[in-house]
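In terms of the UniProt record's numbering, the sequence shown is residues 1 to 537.
Glycine included, each C-beta is placed from N, C-alpha and C at the ideal position.
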Amino acid sequence: MFVNFLLSQVELKKQISCSLELANKTENHIAFKVKTTNPKKYCVRPNTGVVLPGSTCDVIVTMQAQREFPADMQCKDKFLLQSAIASPGTTPKDIGPDMFNKESGNLVEECKLRVVYVSPPQPPSPVPEGSEEGTSPTASHSDNGHFNASDFNSTARAYGEPQEHSSEAKSLISKLTEEKSSAILLANNLRQELELMKRESKKNRGGISFFYVIVGGKAPSWSSRESTVSIDVHEGYREESDWLDLDTEFYHWTKSLRPVQWYPGHIAKTEKELKEQLKLMDVVIEVRDARIPLATSHPQLESWIGNNKKKILVLNREDMISTAERNAWATYFARQGTKAVFSNGQLGMGALKLGRIAKSVAVGVNAKRRAKGLLPRPVRAGIVGYPNVGKSSLINRLLKRRKCPAAPRPGVTRELKWIRFGNDLELLDSPGILPMRISDQGAAMKLAICDDIGERSYDVADVAAILVQMLTKLPTVGSRALYSRYKIDVNDYCGKTFVEQLAMQLFNGDVNQAAFRVLTDFRKGKFGWVSLETPPK
């Protein structure tokens with residue numbers, strides 16, 4: 001692992017995140033731990049972990065929004081990256097303080113990092129937010145340049161001996177600053193013809209910009225000296241209404257966390273049986289969570305159903321999203337040729353409409369049977385969907401009695417069950433089905449937030465921290481809802497630190513209890529109407 005620079009532009013009263021790439025090109029498993037002298041100001045995720053041989057790990061360093069910078073532009077914040085060889089099979093939970101204790105005889109390598117504020121030699125022209133939003137991490141990396149070992153060592157020495165060689169470091173930083181400013185100006189000129197970018201440029205005028213630099217010290221002996229730090233210098237610039245950029249940030253927040261995977265035995269057994277039963281269906285009713293319609297879409301369901309069966313899409317929990325969001329999703333699915341029915345399984349809203357639509361299918365089915373000389377029969381409808389999206393509750397509302405066990409948690413229904421609905425309809429209640437492996441971890445995190453996946457599959461503190469980050473960025477929620485609920489100014493903290501602060505304030509430091517509180521409040525609608533996804537454009 002080798003750390004060169006951590007360089008990023010930051011504004012007052014704005015939070016910014018940067019990514020450190022730790023690379024292990026040895027044949028050993030390497031455990032690492034990141035410490036900081038100012039944990040309230042910086043959020044490091046993950047702060048511990050294991051880098052497998054020949055692989056990399058991204059560490060996200062988030063600096064909280066600063067209300068002001070020191071008058072002398074001096075920063076005393078420091079970071080310490082410790083690393084040690086770990087046994088194969090070691091997990092982050094196995095990493096304890098003793099692993100990095102040199103007194104115990106362990107071989108521990110350390111890389112010291114220091115934060116330095118540097119004011120640009122000349123203020124860059126205001127750059128439209130959109131012009132920076134359009135810059136990919138690859139382009140940002142190119143703007144910053146690739147630093148080789150000699151560049152790093154010279155800079156590290158300069159800050160390690162400020163009295164003797166500080167001018168060398170300042171010269172290098174000044175050069176980097178000028179290069180970045182030139183790149184920003186060029187991007188601005190290329191986009192100045194767009195009227196939207198002009199309006200956003202006016203919003204940005206008057207901002208005070210600085211850079212913060214973390215300069216690395218000695219690289220561990222097991223590290224690769226060719227690896228570099230990948231930084232998106234535009235991470236902190238974002239239009240609140242830009243959902244696409246929110247998805248990008250969501251990816252960066254989640255990619256370094258523990259993967260969310262849940263495939264219990266009863267799902268594996270049911271999936272095979274369900275595929276056979278679907279062949280007998282006249283219509284398939286797919287139930288999704290209205291807050292995350294895309295994340296609760298099973299990627300293999302269409303291939304199981306085929307093209308000859310009718311499908312009805314139900315978006316349950318309509319009471320948790322706004323009317324505007326319902327209309328947007330209805331329009332989106334209509335353009336896809338899919339009729340979407342919104343429902344509230346708890347109150348029964350939409351259940352009668354669904355029943356009428358399902359029964360209307362009987363007319364066509366039995367007309368074909370009569371043409372073949374067969375007697376009419378009830379329409380067979382299978383209700384499928386992810387765990388805890390409200391399938392059983394919806395059936396109970398259709399029947400107006402409790403025929404299916406239902407509870408607000410995943411995994412309650414564990415077997416297929418046929419239920420008769422009048423003389424015209426037979427319903428098949430099925431357990432929640434999930435892919436064997438969820439490749440989209442952003443979608444998996446949303447499933448965890450909405451309680452649509454087993455609790456054992458994720459770290460509740462991580463999920464709550466991601467939820468806080470999302471709520472602050474959502475244009476329909478913002479930080480006001482969190483402050484109104486907990487009386488904590490989220491602008492002063494990242495999601496992880498916010499949950500820790502809530503734990504100190506209400507739960508005697510118990511982070512898990514605080515995390516459960518945040519997630520439960522969201523799942524009960526305490527933050528108002530919240531949709532975690534928007535229709536693709």
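- Annotated three-state conformation of S360 is helix, per DSSP.
- Under the DSSP assignment, S17 falls in the beta strand (DSSP E) whose first and last residues are I16 to A23.
- Contact holds between the segment 464-480 and the segment 497-515, because three or more Cβ pairs, one in each stretch, are under 8 angstroms apart.
- One thing to note: I433 has its Cβ no nearer than 8 angstroms to the Cβ of Q261.
- Of all C-beta pairs linking the segment 323-331 to the segment 300-312, fewer than three are shorter than 8 angstroms, placing the two stretches out of contact.
- Secondary structure of T331 (DSSP, three-state): helix.
- For N316, the enclosing beta strand (DSSP E) begins and ends at K310 to N316.
- Your pair Q74 and V108 does not check out as a contact, with CB atoms roughly 30 angstroms apart and the cut at 8 angstroms.
- The secondary-structure analysis by DSSP pairs Q82 across a beta bridge with K33 and E110.
- The C-beta of S343 has 16 or more other C-beta atoms within 10 Å across all chains shown, which makes the residue buried.
- Boundaries of the alpha helix (DSSP H) around V511: V511 to R523.
- With distances taken between CA atoms, L313 lies nearest to Q336 out of Q469, A84, E325 and Q336.
- The alpha-carbon separation between I449 and I292 amounts to approximately 10 angstroms.
- Between K33 and the set F507, T91 and Q15, the nearest pair of CA atoms involves T91.
- Going by C-alpha positions, P88 is about 25 angstroms away from V44.
- Within the same chain, V34 come within 6 angstroms of N47 by CB-CB distance, once the 5 residues on both sides are set aside.
- Each residue's CA atom was taken as its position, placing G495 and M63 some 12 angstroms apart.
- Y42: member of the beta strand (DSSP E) spanning Y42 to R45, first to last residue.
- Just so you know, the alpha carbons of G54 and K93 end up roughly 21 angstroms apart.
- Contact annotation, P387 with P299: C-beta distance approximately 16 angstroms; criterion of less than 8 angstroms not satisfied.
- By the neighbour-count definition (other C-beta atoms within 10 Å, threshold 16), M320 is a buried residue.
- The C-alpha of Y42 lies about 8 angstroms from the C-alpha of T36.
- Classified as buried, Y458 has 16 or more neighbouring CB atoms from the shown chains inside 10 Å of its CB.
- The straight-line gap separating the alpha-carbon atoms of N491 and R317 is approximately 30 angstroms.
- The residue from R114, P97, E455 and L113 with its alpha-carbon nearest to that of N106 is P97.
- Straight through space, the alpha carbons of V61 and S19 are spaced by roughly 6 angstroms.
- Membership of V50 in any alpha helix (DSSP H) is not indicated; the residue belongs instead to the beta strand (DSSP E) covering T48 to V51.
- Counting along the chain, the unbroken beta strand (DSSP E) around S343 starts and ends at A340 to S343.
- The straight-line gap separating the alpha-carbon atoms of A290 and I267 is approximately 23 angstroms.
- About 7 angstroms separates the CB atoms of E533 and A295; that is less than 8 angstroms, so the two are in contact.
- Look at W304 here: in three-state DSSP terms it is helix.
- Where T56 is concerned, the enclosing beta strand (DSSP E) starts and stops at T56 to M63.
- For the pair K537 and K78, the Cα-to-Cα distance works out to about 43 angstroms.
- For F421, the secondary structure class from DSSP, reduced to helix, strand or coil, is strand.
- The beta carbon of E27 is closer than 6 angstroms to those of P53 in its chain, skipping five residues each way along the sequence.
- For L428, the three-state secondary structure derived from DSSP is strand.
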